[in-house]
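Encoded as structure tokens, the structure appears first; notes follow it.
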Amino acid sequence: MANFCTQANALFRKNLTYHKRHARSHLKVILFPAILFVLLGGMQTYFNKQEREHFEADNPNGYPPLLQIPSPKFRAVATDSIQFPGLPDASCRETDSCPVTILITGSNRSFAESVAGKMFTDTPDPNSTSDVDTIANGIFGRNDGLSSPLVHVRSRCSKNSSSEVAESDVICVEGLNLWRNSSLEINTELFKGFREGNTDGKINAFLAAYDFLDTSGEQFKVIIQYNSTNVQDHNPLLLKISRSENMASNGYIRFLRGPAIKMNLEYVAEMPTPAGFQRPPDALSFINIVFFTWVILQIFPVILSSLVYERQQKLRIMMKMHGLGDGPYWVISYIYFLAISLIYMSCYFVFGVLTGLTIFNLNSYGVQCIFYFVFTNLQISFAFLLAALFSNLKTASVVAYTIVFGTGIMAFLLFQPLVNDASFPRGWLIVLELYPGFSLYRGLYELSKFAQGAFKIGTYGMYWEYLISNGNGVREVLIIMSVEWVVFLISAYYLDQVISSGTGNRRSPLFFLPCSQKKHLASFQKPSFQSQESSVQMEDNDVLREREKVEQLLNQPHPNYSAICYNLKKMYPGKDGNPNKVAVKGLSLALPRGECFGMLGPNGAGKTTFVSMMTGLLEPSSGAAYIEGLDLRTQMNEIYGSMGVCPQHDLLWETLTGREHLLFYGRLKNLKGSALSRAVEESLKSFNLFQGGVGDKAAGKYSGGMKRRLSVAISLIGDPKVVYMDEPSTGLDPASRKMLWDVVKRAKQDRAIILTTHSMDEAEYLCDRIGIFVDGNFQCLGTIDELKARYGGSYMFTVTTSPEHERDVEVLVKHLSPHAKKTYHLYGTQKFELPKDEAKISDVFLTVKLAKQKFTVQSWGLADTSLEDVFIKVATEAQ
1 MANFCTQANA
11 LFRKNLTYHK
21 RHARSHLKVI
31 LFPAILFVLL
41 GGMQTYFNKQ
51 EREHFEADNP
61 NGYPPLLQIP
71 SPKFRAVATD
81 SIQFPGLPDA
91 SCRETDSCPV
101 TILITGSNRS
111 FAESVAGKMF
121 TDTPDPNSTS
131 DVDTIANGIF
141 GRNDGLSSPL
151 VHVRSRCSKN
161 SSSEVAESDV
171 ICVEGLNLWR
181 NSSLEINTEL
191 FKGFREGNTD
201 GKINAFLAAY
211 DFLDTSGEQF
221 KVIIQYNSTN
231 VQDHNPLLLK
241 ISRSENMASN
251 GYIRFLRGPA
261 IKMNLEYVAE
271 MPTPAGFQRP
281 PDALSFINIV
291 FFTWVILQIF
301 PVILSSLVYE
311 RQQKLRIMMK
321 MHGLGDGPYW
331 VISYIYFLAI
341 SLIYMSCYFV
351 FGVLTGLTIF
361 NLNSYGVQCI
371 FYFVFTNLQI
381 SFAFLLAALF
391 SNLKTASVVA
401 YTIVFGTGIM
411 AFLLFQPLVN
421 DASFPRGWLI
431 VLELYPGFSL
441 YRGLYELSKF
451 AQGAFKIGTY
461 GMYWEYLISN
471 GNGVREVLII
481 MSVEWVVFLI
491 SAYYLDQVIS
501 SGTGNRRSPL
511 FFLPCSQKKH
521 LASFQKPSFQ
531 SQESSVQMED
541 NDVLREREKV
551 EQLLNQPHPN
561 YSAICYNLKK
571 MYPGKDGNPN
581 KVAVKGLSLA
591 LPRGECFGML
601 GPNGAGKTTF
611 VSMMTGLLEP
621 SSGAAYIEGL
631 DLRTQMNEIY
641 GSMGVCPQHD
651 LLWETLTGRE
661 HLLFYGRLKN
671 LKGSALSRAV
681 EESLKSFNLF
691 QGGVGDKAAG
701 KYSGGMKRRL
711 SVAISLIGDP
721 KVVYMDEPST
731 GLDPASRKML
741 WDVVKRAKQD
751 RAIILTTHSM
761 DEAEYLCDRI
771 GIFVDGNFQC
781 LGTIDELKAR
791 YGGSYMFTVT
801 TSPEHERDVE
811 VLVKHLSPHA
821 KKTYHLYGTQ
831 KFELPKDEAK
841 ISDVFLTVKL
851 AKQKFTVQSW
861 GLADTSLEDV
871 FIKVATEAQ
């Protein structure tokens, strides 16, 4: 028997060849997402541009927090109704040269004025509005939002810098600080400047106000009142506090440590991560996540369909009967589908990166790869699990594509709102995420949200350190998917064994327990005494002798016998009130090497059930069987290595060639190298599949006869010790049938062959012994001559005359043989059964000669008993 590696190599090569035939279809599957990714990338570019411009209206991307600078026409000046000391003359509004004013107070005036005087410094102007480092050093703001120039507040502006600079689009404005005796005066001035300005349309707006309280060289305490009025939309922006606070902090540090000391305000971001930004419910968000969900799940129907196809076409059973164990099948199938899925996901990821989609480029590649890798394995495990529940390819395909498209739509319409609903219990959210599709959607949603937030503030999205933060859905679904990956795979194997998705032989639900194994074997060995006794009473002497021979071989094994069955029985439990159906009733058979044993019997006699038990497709209800000394109950996997099967219906891969079929099954039978090549060539030549390149054509293009010959060739390759052939010559023309019979006759020299057929010619040509099987029992066993002699002790005499002479013929026949029996009568043609001990051949000729003298004999014939006659007689009497 081939070892694990040999079986794995055979299956891997077969899968590789099979999918190579479908390379064009696979390429279309890969390129279709690529085209859509290009379209999606273009849409994202447009939407991101619009979204960035909208966001920068309040917080310019890449800038440190900016101050809200009062517009020149609203800056605080001395007016007739507002008389406060130190304010500039109102004439500055006509030339847009009014300074921006801050009000200060505190318990120590000299200290407060000294600190405030160091707030405004003469830092250089930036070269452009994108010079973020320079902007972080000084005091910058805007008048009326994004459309206005950048304003640089300095202690003194030169003549050239006090107006707009076209090259850098930066305006210099002088800053003015004014002392007030108390915070009450400041509040009054701020209030009047706003209230009375609203009355006459001349608002007196201040940049900020500071109350330094009891600040000293040992402690820094300050109350800041800042301007948060946006002239365009009146939205307060709390980020402006940081710049106002930074002004006071820098002034205090310079007072203590000198003018060279400064504290740059590089950036301020919302806590705790960029995901703090809420995704807007726009069309692009829906297209992104739902589309990615559909693209990733697209490989799921391919895997599920491939697994169910092998089950529906019984290819999995065929492979197992030729020596492929469960271990190699599961390992190679899983690894193969994993390789295909990883190639597909790699193309998906590369296409996403190349098209510039933010979800790929702004999130950590490592986080994304781990997420996609874990889900890919979960998807394969889920496909194996569902494959154990389906036996019809169309049903499985419909369910698979319903899962794909239904997941995206249901997740967007129902699952996503629950994720965003803070009142929805998190425990129930985890329950929903146990469905793999929702886990995928949650992970993509989190990655998309992080990428969206990162794009807005100009930083990076999901990174490893963010996985440990509370509420991060990616960490949650990674844990769920990793656990389900293992659980689904174990459950899939369990259901495969219990529901018989692969082998046709169901195992006990507790098959993995040692006690269950012992109990199972004990019940299997226990004979049914009543059934055995009743069957013995009906058995003929040759059947009894066969049973005695089997019992002797069980006590004293003989190496020359390839197959031994003892009291093998199969009973199907009754359903819907019907009684139990016993398909095989205590069958015993000993089959030596070099013998071809033919099983004849009417439809429904139990032949297929017997072959199914011997090939491991059905479990016997009781009895025992041994193949090459191996126990059918416990060593079936070893038996498969020395067994060949030609099923009644051809089980072939439509896209594989005849040569590739033989190479695959030859490898399963442990053929390698030149021995394998030679065996394949000989098989193709022996079964007339070599000439004209027939062996290198896809099996789907074969005629019915060619497929049948290939099935027989598969059953004989690798020198199996026991071969089961179920009606091997069905559908063959006479020449092909004769050629196949010759090959099988030569092949039986060193192996045992069990053959079922309805062709009496085939049975006479191939079979050394024949058993007529009726109603679950052998009615007779023996060679063809023995059966003819035992059940065919008569001549078949046929006479055709005109209808008016039928009675004359009967009289002559009764005179020839008093116990003659009429078996057929149709309009002048009569057929009689003449016992051989009553009628001699010479007497028959003499009787016909006398009859011709009395009336016209149109035709007549005398034949010995044929195998067909024996079969009809035995079957009719038994039934």
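Heads up, the sequence shown is in full-length UniProt numbering, so the first residue is 1 and it goes up one at a time. Note that CB positions come from ideal geometry on N, CA and C, so glycine has one too.
Residue i (DSSP reduced to helix, strand or coil)
i           : result
Arg75       : strand
Gln648      : coil
His815      : helix
Leu429      : helix
residue 901 : This structure cannot settle anything about residue 901, because the visible part of the chain is limited to 1 through 879.
His558      : coil
Leu67       : strand
Pro803      : helix
Ala698      : strand
Asn777      : strand
Ser642      : coil
His152      : strand
residue 885 : Only positions 1 to 879 of the chain appear in this structure, which leaves residue 885 out of reach.
Gly366      : helix
Ser859      : strand
Ser97       : coil
Val222      : coil
Gly437      : helix
Distance CB(residue i)-CB(residue j) smaller than 8 Å
i      : j      : result
Gly175 : Phe255 : no
Met481 : Ser439 : yes
Ala752 : Val722 : yes
Ala411 : Asn204 : no
Met321 : Val645 : yes
Ala839 : Ser859 : no
Tyr561 : Ala590 : yes
Leu104 : Asn177 : Inspection of the sequence shows that residue 104 is occupied by Ile rather than by Leu. Taking 8 Å as the Cβ cut-off, Ile104 and Asn177 qualify as a contacting pair.
Thr355 : Phe32  : no
Through-space distance from residue j to residue i, alpha-carbon basis
i      : j      : result
Leu184 : Tyr252 : 23 Å
Glu551 : Tyr566 : 8 Å
Trp428 : Val483 : 18 Å
Tyr348 : Phe371 : 14 Å
Gly629 : Ile332 : 30 Å
Trp294 : Val398 : 15 Å
Arg109 : Ser71  : 29 Å
Gln416 : His19  : 37 Å
Asn15  : Tyr336 : 8 Å
Tyr334 : Phe373 : 14 Å
Leu27  : Ala34  : 11 Å
Lys575 : Met613 : 22 Å
Tyr365 : Ser491 : 32 Å
Own chain partners of residue i with C-beta closer than 6 Å, once the 5 adjacent residues on each side are dropped
i      : result
Lys314 : Leu651
Glu189 : Phe84
Glu446 : Gly473, Val474
Per-residue burial, residue i [other beta carbons within 10 Å of its own, 16 or more giving buried]
i           : result
Asn377      : buried
Gly771      : buried
residue 893 : What is shown of the chain runs 1 to 879, which leaves residue 893 out entirely.
Pro728      : buried
Thr95       : exposed
Ala563      : buried
Asn61       : Its pLDDT being 48, under 50, Asn61 is placed unreliably in this model, and the value from its coordinates should be taken loosely. With fewer than 16 Cβ atoms within 10 Å of its Cβ, Asn61 is classed as exposed.
Tyr795      : buried
Own chain, CB closer than 7 Å to residue i, minus 5 neighbours either side, in chain order
i      : result
Thr17  : Leu656, Glu660
Asn361 : Val353
Ala763 : Gly598, Leu600, Thr757, Ile770, Leu867
Phe424 : Leu418
Phe855 : Thr801, His805, Asp808
8 Å CB neighbourhood of residue i in its chain, flanking five on each side removed
i      : result
Glu122 : In the sequence as displayed, the identity of residue 122 is Asp instead of Glu. These residues qualify, in order along the chain: Arg154, Ser155, Arg156.
Thr876 : none
Residue i Cβ short of 7 Å to the ligand PLP heavy atom set
i      : result
Gln830 : With respect to small molecules bound, the structure shown includes none, and the ligand PLP cannot be examined in it.
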